[in-house]
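What follows is one structure encoded as structure tokens, with my remarks underneath.
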Amino acid sequence: MEIDILGKNDTRSGFGAGLSYLGETNPNVVALCADLTGSLKMNDFQNKFPERFFQVGIAEANMMGIAAGLTIGGKIPFTGTFANFSTSRVYDQVRQSIAYSGKNVKICASHAGLTLGEDGATHQVLEDIGMMKMLPGMTVINPCDYNQTKAATIAVADHVGPVYLRFGRPKVPIFIPENQKFEIGKGLLLNEGTDISIFATGHLVWEAIEAVKELKNKGVSAELINIHTIKPLDEECILSSVSKTKCVVSAEEHQIAGGLGESIAKVLASNSPAPMEFVAVNDKFGESGKPADLMKKYGLHSSNIVDATLRVLKRK
Numbered sequence: 225m226e227i228d229i230l231g232k233n234d235t236r237s238g239f240g241a242g243l244s245y246l247g248e249t250n251p252n253v254v255a256l257c258a259d260l261t262g263s264l265k266m267n268d269f270q271n272k273f274p275e276r277f278f279q280v281g282i283a284e285a286n287m288m289g290i291a292a293g294l295t296i297g298g299k300i301p302f303t304g305t306f307a308n309f310s311t312s313r314v315y316d317q318v319r320q321s322i323a324y325s326g327k328n329v330k331i332c333a334s335h336a337g338l339t340l341g342e343d344g345a346t347h348q349v350l351e352d353i354g355m356m357k358m359l360p361g362m363t364v365i366n367p368c369d370y371n372q373t374k375a376a377t378i379a380v381a382d383h384v385g386p387v388y389l390r391f392g393r394p395k396v397p398i399f400i401p402e403n404q405k406f407e408i409g410k411g412l413l414l415n416e417g418t419d420i421s422i423f424a425t426g427h428l429v430w431e432a433i434e435a436v437k438e439l440k441n442k443g444v445s446a447e448l449i450n451i452h453t454i455k456p457l458d459e460e461c462i463l464s465s466v467s468k469t470k471c472v473v474s475a476e477e478h479q480i481a482g483g484l485g486e487s488i489a490k491v492l493a494s495n496s497p498a499p500m501e502f503v504a505v506n507d508k509f510g511e512s513g514k515p516a517d518l519m520k521k522y523g524l525h526s527s528n529i530v531d532a533t534l535r536v537l538k539r540k
């Protein structure tokens, strides 16, 4: 597997770049932020298009209601705050005013997962994918690097309907080509293999890339697919891969319950059952610490993907 590192940046900056591009190309795009403009990298949009930027303060529930209202006039609102405040704090507003009403709101959620780091468990939401994918009509996207997050941000503006776009805080390797088209609902094959299908999302895609290299050294041919869209899930891609490899590992920065792995398991159970291992947080809250240290402690490291692969191969 040859994947070039094109640099390093945080996925939230990819969102900021994508939002700024949309400001220049789509006059209907507006942005709302809950007192975290710098953290969400929304400064450029705010500076260039102040009449289309709304700072609502620490009033996330109001922000969701305002965003829903703006869609009635044909605007395409992008809301920006931390993932915890984009979901847990405002779930009633998202459910009633956006999802149930089918409003064209793009809920943009930064600082997701353990990699939020030192702010600790109260801010490290690990349940958000599950909460959002359960809402009827909600599209759920979790890109893996700066370039893919920028492309996803641009793509969701053309998608009609509510979207949950999840991204993170730390700087991570950039490996998706800058000009690669982002297709909502389509898995992205990163490496062909015959022994195991590894499906990863978000920050765990890079860890999976590292795991595939180590597995190759152990004589294991791993197929790696980046599942950037968790809902709608690319069932065809999943089933096609597993029909060849006959076993699966899923990897995500989320609780085991409600995440990507659970969605894949449902597809397999309904169509073609296969042995499966899950790399995810196992029913625990996070804690304050350095992102890299937390990822290792909670079992979200490339070595955990390797171990899960070796376990599931014994069950083929």
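Read in the working numbering, the sequence shown has 426 at position 202, and its numbers run on one by one without any break. Virtual Cβ for every residue (Gly too), placed ideally from N, Cα, C. The model shown is predicted, which means the values in this text are computed figures rather than measured ones.
Beta-carbon gap between residue i and residue j smaller than 7 Å
i      : j      : result
Lys374 : Val364 : no
Val429 : Cys368 : yes
Ile303 : Ala285 : A small fix is needed here, since residue 303 is Thr in this sequence, not Ile. No, they are not a contact pair.
Thr425 : Ile451 : yes
Leu439 : Val530 : yes
Gly485 : Ser467 : no
Ala307 : Ala336 : yes
Leu448 : Leu414 : yes
Glu402 : Asn371 : yes
Ser573 : Thr469 : The chain is shown only over 225 to 540; residue 573 falls outside these bounds and no answer can be derived.
Pro515 : Thr339 : yes
His347 : Gly392 : no
Leu243 : Thr377 : yes
Asn267 : Ala381 : no
Burial state of residue i, where buried means 16 or more other Cβ atoms lie within 10 Å
i      : result
Asn495 : exposed
Ala323 : buried
Arg390 : buried
Pro394 : buried
Pro301 : buried
Glu476 : buried
Glu233 : Note that residue 233 corresponds to Asn in the displayed sequence, not to Glu. Looking at its Cβ environment, which holds 16 or more other Cβ atoms inside 10 Å, Asn233 is buried.
Gly262 : exposed
Asn441 : exposed
Glu431 : buried
Spatial neighbours of residue i in its chain, beta-carbon cut-off 6 Å, leaving aside the 5 residues before and after
i      : result
Ser310 : Ile331 and Ala333
Met287 : Leu256, Ala258, Val280 and Thr303
Cys461 : Gly411
Ile314 : Note that residue 314 corresponds to Val in the displayed sequence, not to Ile. If we look at Val314 and ignore the five residues flanking it on each side, its Cβ neighbours are Glu284, Ala285 and Met288.
Proximal residues to residue i (C-beta, below 7 Å), its chain only, five neighbours per side dropped
i      : result
Leu230 : Ile398 and Phe399
Ala379 : Phe406 and Ile408
Glu434 : Ser526
Phe277 : Ala255, Phe269 and Gln270
Phe273 : Gly247
Glu416 : Glu447
Ser445 : Gly417, Thr418 and Asp419
Leu541 : Outside the displayed span of the chain (225 to 540) sits residue 541, for which this structure offers no information.
Lys265 : Arg236, Ser237, Phe239 and Gly240
Same chain, Cβ closer than 8 Å to residue i, neighbours up to 5 away in sequence not counted
i      : result
Lys299 : Asn252, Val253 and Val254
Gly361 : Ala323, Gly326, Gly385 and Pro386
Ser487 : Lys357, Ile454, Lys455 and Leu457
Met500 : Cys471, Val472, Val473, Ser474, Gly485, Ile488, Ala489, Leu492 and Val536
Arg539 : Cys471 and Pro499
Glu459 : Val491 and Asn495
Asp352 : Ala307, Asn308, Ser310, Thr311, Ser312, Ala333, Ala336, Tyr388, Arg390 and His478
Gly354 : His478, Gln479, Ala481, Gly482, Gly483 and Glu486
The stretch 502-520 touching the stretch 479-493, judged by at least three CB pairs closer than 8 Å: yes
Whole runs of the alpha helix (DSSP H) within the stretch 260-302, excluding any shorter than 4 residues: 267-272 and 284-296
Start-end ranges of the beta strand (DSSP E) lying completely within the stretch 427-508, minimum 3 residues: 446-450, 453-455, 472-479 and 500-505
Sequence ranges, beta strand (DSSP E) only - wholly within the stretch 296-349, length at least 3: 300-306 and 330-334
Contained alpha helix (DSSP H) runs [length at least 4] in the stretch 362-412, N- to C-terminal order: 370-382
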